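What follows is a single structure, written as structure tokens, with notes after it.
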Amino acid sequence: MDKTDRAILAHLMENGRLANIELADLVGLSPSPCLRRVRQLERDGVITGYHAAIDPAAIGRGFHVLLHVEMALQDHATIEAFEAAVREIDEVAHCLRMFGRPDYLLWLAVPDLHAYERVYMAKLTGLPGVARTNSQFAMATVKSTPGLPVPS
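Whatever position you read off the sequence shown (first residue = 1), add 27 for this note's numbering.
As structure tokens, then:
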């Protein structure tokens, strides 16, 4: 990956709706080579998709909870069952398996505290292998950067 590929990535992360002609102009290429590079980045799995950024509150998901989960059992079957169950919970926006404690971090997006309590009681307390949980509520979003910084 060269400097031009990195520039393409940076521009597409900033605005994934850029027309190829505009993108080509921004990175100093003609449209055909620019499109070939974009398609190659897609084939190589560097570009994994294009997404719209949405205000969570506008779709009724403005209350965010970070849930720390510690497992009682860490055998293969329990881990697989836990992760499969988490994938089925729509309110879980992200789930990370961690080294150390906690074993998992879940980021939930729900309408409000009462909705979180309902999800917690109905879905989260019954997850396989869970020993302890700790909920943290977001006070404010200080920084939210889409994508990743692309090294130049």
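Backbone N, C-alpha and C fix where the C-beta goes; we use that ideal spot for every residue, glycine too. The structure displayed is predicted, hence computed values, not measured ones.
Bridge-paired residues (DSSP) for residue i
i                 : result
methionine 98     : Val157
arginine 124      : Tyr131
phenylalanine 164 : Val92
valine 119        : Leu135
Cβ neighbour criterion (16 or more within 10 Å) applied to residue i
i             : result
alanine 136   : buried
leucine 175   : exposed
leucine 36    : buried
aspartate 130 : buried
leucine 94    : buried
leucine 140   : exposed
tyrosine 143  : buried
valine 73     : exposed
valine 169    : exposed
Cβ neighbours of residue i in the same chain (closer than 8 Å, five flanking residues each side left out)
i            : result
alanine 80   : Pro173
histidine 38 : Leu45, Leu50, Leu53, Val54
Nearest-angstrom beta carbon gap, residue j and residue i [assumed within contact, 8 Å]
i             : j           : result
arginine 88   : proline 138 : 7 Å
asparagine 47 : proline 58  : 5 Å
threonine 31  : leucine 68  : Wrong, their Cβ atoms sit about 11 Å apart, outside the cutoff.
alanine 108   : proline 155 : 4 Å
Close beta carbons around residue i, own chain, < 7 Å, minus the five adjacent residues each side
i                 : result
glutamate 118     : Leu135, Ala136, Val137, Val146
phenylalanine 164 : Val92
alanine 120       : Trp134, Leu135, Ala136
Contacts around residue i, its chain only, beta-carbon distance under 6 Å, and the 5 residues preceding and following it disregarded
i              : result
proline 83     : Gly89, Ala136
alanine 34     : Val54
threonine 105  : Pro155, Gly156
isoleucine 116 : Lys150
Check whether the stretch 160 to 170 touches the stretch 106 to 122, taking contact to mean three or more Cβ pairs, one atom from each stretch, closer than 8 Å.
no
The stretch 117 to 131 / the stretch 56 to 68 touching (three or more Cβ pairs under 8 Å):
no
Below 8 Å, how does it come out for the stretch 99 to 106 and the stretch 144 to 154: are there three or more Cβ pairs, yes or no?
no
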